[in-house]
Each structure stands twice: as C-alpha cells, then as structure tokens.
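Here's the structure we're looking at; comments come further down.
There are 2 protein chains.
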Amino acid sequence: MQGHFYRRNRGSGWWQGQFKGCGYRFTFPRRLILDVLSSSSMHLSAEDVYLEVHKKYPGVGLATVYRTLELLVQMGVVSKSDFGDGRARYEMNKGPEGQRHHHHLVCSNCGLVIDYADFIDEEAKLLKKVERGLSEKYKFEINSHLMQFYGLCEKCKGKKD
Amino acid sequence: MQGHFYRRNRGSGWWQGQFKGCGYRFTFPRRLILDVLSSSSMHLSAEDVYLEVHKKYPGVGLATVYRTLELLVQMGVVSKSDFGDGRARYEMNKGPEGQRHHHHLVCSNCGLVIDYADFIDEEAKLLKKVERGLSEKYKFEINSHLMQFYGLCEKCKGKKD
DNA sequence: CTCCTATTGATAATGGTTATCATTACCAAA
DNA sequence: TTTGGTAATGATAACCATTATCAATAGGAG
Ligand SMILES: [Mn+2]
Ligand SMILES: [Mn+2]
Ligand SMILES: [Zn+2]
Ligand SMILES: [Zn+2]
C-alpha cells in the first residue's frame, strides 16, 4: 500500500473466527467489504462493492475487492451468481445468524432478480432425491447446485404489445 | 467479405425452413456452423466451432461464428452454457429429430461435464410445480430454467488424499 | 438477371477480471 | 514492546473472451 494508513484492526467475534479457522487474516479491508455485503440485500457487482467501500475508505483498491470476494466465495460466506449482464454478482450467504440459501427468478427483459426461498423445502426434497440418483449412476459426489428460472416480471409481461 | 468465394448456397429442407420462418437467410457459413454443431456431441466453445469450420472453409471468420451462435441461441436451436472455465459453451438443442433437453453435472476439479436426462421426469414434475407457485406469487411468466449440479467426478473423487 | 439489403470477414475496441510487484500490515515469538 | 517473517494490499499493466465497426459480398424476392 502506498500512502494509506488503516487504523489498527482489533476486531474480534464471529468473522474473525471464520477467517482464522480457514488460516486467513481478518484485515481491515476485508472487514469493510463484509460490512458492505452484510448491510445490503442486493446482488452487488465487484464494482458496486468497491464504490461503496470507497465512500468510507478510499484507500481500498479494486483488486483487493476482487480478491476478497473470491476468498469469501471459497469460504462459503458469499455466493457468486451470473444473471447474464456480463458481470458477476455477489451476496452474503452465511453469517452469524446462519445460512440463507435461496434461488433466483430472473427477468430476461429488464434484469430484475427476485430471491425466493418459499419453495426451497419442496425443492430440497426432490433435489436430494435427484442428487442421490445421479451420485449413484455417475459415481459423482455432488456438493452444490445451481438453479435459476428465467422469464418476464410483472411489469415486463404487461409491456408486451 | 474480402477475397473469398462460397459456392452458391442451394440448401433446402428443415434448417432452411427454420431460418426463413424467423426471417433470416440460410447462408453458407451458417450451414457450416450447424454442420459442426450437429455432428458433435460435445460442449463446444465459439473457438472450437471456429477451428472446426475453418478446416473445411478457412474463409469463415470468428465474428460470424459468434454472431451465428447467438442467433441460433435466440432461435432456440442451440443452448449456451457456462461451466466456469471462462468461455461460453454451445451445443445443439433442437433439430429435425426434435428436442434434446437435459441438465448438467459438472466436476469442480477437472471440468468434466456429464449430460443427463435420466431424472428429468422427476425433476420436471417438481420444476412444473415450483414454476406454477412462483408464477402465481411473483406474477412471473417463466419461460426457461437453468439447473446444474457441481461436485467431483469418479476420477477426481479418488484422487483426494 | 437485377437490385436491395442482410450478412460477412478483418480488425479494432471493449470491459470485466487477473497477474505483477514493490510496499505495508498482521501477528506470533522473543 | 520490539522484531521479523510473510500474508495481504494498491496501483497498474496485462489478459482475453466477446462485441462493435465498416467496407465488401452474397442471398433471394421480384
Ligand atoms: Mn439472491
Ligand atoms: Mn449438454
Ligand atoms: Zn422485467
Ligand atoms: Zn473430475
């Protein structure tokens, strides 16, 4: 870092534990990035996160944002999605309050993304079943899945002439 | 085109009809690209298609391959997937013989991709159910879905120490 | 066969993401 | 508290799949 000074990072608690547990350091930029992700319910791009962090501490660089996001994805703390707009989107996945697993509904016209967890229970039941069958037949060890629905949102559905 | 000559394209049949039906021309490069996709069961990148077409007719450019692939995706003839290797993958989806809808099993370690349609029936049941629920609750008109499983293939599962 | 224009090929440009590298900060040990 | 080894960082260049540009060509209706 050239010319920037962070206040000493004396953090503690859940996040610090998560990082330490994985053999990583809980640095100040990482804390800031987590703050942004935690206090937002949107699907943020790396640049979104960068701009937000930048408001509070202009010293944090874009590269660090990318690196941290990738790290958090690896840790399972953040989930990374592609909604077809040419950039990755990130959102908090696991926090002190537990998981928040959900799937997405994407509008092909305006890009609106809706989170839903309503039908996760039913889905989970079948997903488990399918996963079991696939594991057996293809000798595959399934760790995760991706599921998205595409279509037209209420507004875009009406705009069709 | 600068300096290349295609033999007159006197094609007819199913494909020609598909293109005409959508208001497009059935050109020679487009036919070649379709040939490559039709005669392969792999998940080809745009460059893969380009190299293959290039063997027969070096006059076809990469831009045309990209354009044609995008067109075919719009027409529903080809499906475009992202398996996480930084480039889009294409494969035939609809042909004279009908649809070939399937989902994917992706190895997070070696990138192996397995097509499967075995459990589509069970999946389809749930997908329909969930789609109905989501449509109703969120006033969404669902047109398509994306479903992938990630994990370790047989070989990679064994290599873990 | 003619004419209009959709399509094409070569190539430059785009833009999100990654690599590089000198500098800095975290933290365990003294 | 001081020190030292090293993980992490910031600025920036590089990467690279995909798109835009534009003059030239080819498809196909009439
Ligand atoms: Mn979400
Ligand atoms: Mn496939
Ligand atoms: Zn919409
Ligand atoms: Zn594998």
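The listed protein sequences derive, respectively, from chains Z and X.
Just so you know, the working numbering puts 144 at position 144 of the first sequence, and the rest follows in order with no gaps.
Just so you know, the working numbering puts 59 at position 59 of the second sequence, and the rest follows in order with no gaps.
Positions of the beta carbon are idealized from the N, C-alpha and C atoms, including for glycine.
Continuous beta strand (DSSP E) stretch holding residue i: start and end
i                    : result
lysine 155 (chain Z) : Element bounds for lysine 155 (chain Z): not the beta strand (DSSP E) but the alpha helix (DSSP H), 154-158.
Backbone secondary structure at residue i - three-state DSSP
i                         : result
leucine 44 (chain X)      : strand
aspartate 85 (chain X)    : coil
leucine 62 (chain X)      : helix
phenylalanine 5 (chain Z) : Its pLDDT being 48, under 50, phenylalanine 5 (chain Z) is placed unreliably in this model, and the value from its coordinates should be taken loosely. It is coil, neither helix nor strand.
tyrosine 138 (chain Z)    : helix
glutamate 119 (chain X)   : A small fix is needed here, since residue 119 (chain X) is phenylalanine in this sequence, not glutamate. Phenylalanine 119 (chain X): coil per DSSP, three-state reduction.
aspartate 161 (chain X)   : Bear in mind that the predicted position of aspartate 161 (chain X) carries a pLDDT of just 44, short of 50, making it unreliable; the figure below should be weighed with that in mind. In the structure shown, aspartate 161 (chain X) sits in coil (DSSP, three-state: anything other than H, G, I, E or B).
histidine 54 (chain X)    : helix
valine 78 (chain X)       : strand
glutamate 91 (chain Z)    : strand
Segment limits, alpha helix (DSSP H) that includes residue i
i                     : result
lysine 20 (chain X)   : 14-21
leucine 112 (chain X) : It is not in any alpha helix (DSSP H) - leucine 112 (chain X) carries neither H nor E in the DSSP assignment.
arginine 31 (chain Z) : 28-38
Interface residues of chain X facing residue i [CB-CB closer than 7 Å]
i                        : result
valine 130 (chain Z)     : Phe119, Glu122 and Glu123
cysteine 153 (chain Z)   : Phe140
isoleucine 164 (chain Z) : A question about residue 164 (chain Z) goes unanswered here, because the residues of chain Z that appear run from 1 up to 161.
Contacts that residue i makes with chain X (C-beta to C-beta distance below 8 Å)
i                       : result
histidine 145 (chain Z) : Met147, Gln148, Phe149 and Tyr150
aspartate 82 (chain Z)  : Asp82
Chain Z residues whose Cβ lies nearer than 8 Å to that of residue i
i                     : result
leucine 71 (chain X)  : Within 8 Å Cβ-Cβ: nothing; leucine 71 (chain X) doesn't reach chain Z, min ~17 Å.
leucine 169 (chain X) : Here chain X has residues from 1 to 161 only, and residue 169 (chain X) is not among them.
glycine 133 (chain X) : Asp118 and Phe119
Chain Z contact residues for residue i, given Cβ-Cβ distances below 7 Å
i                   : result
serine 38 (chain X) : What serine 38 (chain X) touches in chain Z: nothing, since even the nearest Cβ is about 26 Å away.
Residue i: contacting residues in chain X (beta-carbon distance under 9 Å)
i                    : result
serine 108 (chain Z) : Asn143 and Ser144
Contact list for residue i against chain Z, beta-carbon separation under 9 Å
i                    : result
lysine 172 (chain X) : Here chain X covers residues 1 to 161 and nothing more, so residue 172 (chain X) does not appear.
Could you name the residues whose beta carbon sits closer than 5 Å to any heavy atom belonging to ligand 4, keeping them in chain order?
The set, ordered by position in the chain, is X:Cys107, X:Asn109, X:Cys110, X:Leu112, X:Cys153 and X:Cys156.
Specify which residues have a beta carbon nearer than 6 Å to any heavy atom of ligand 2, listing them in chain order.
Every residue passing the under-6 Å Cβ criterion appears here: X:His43, X:Glu91, X:His102, X:His104 and X:Asp115.
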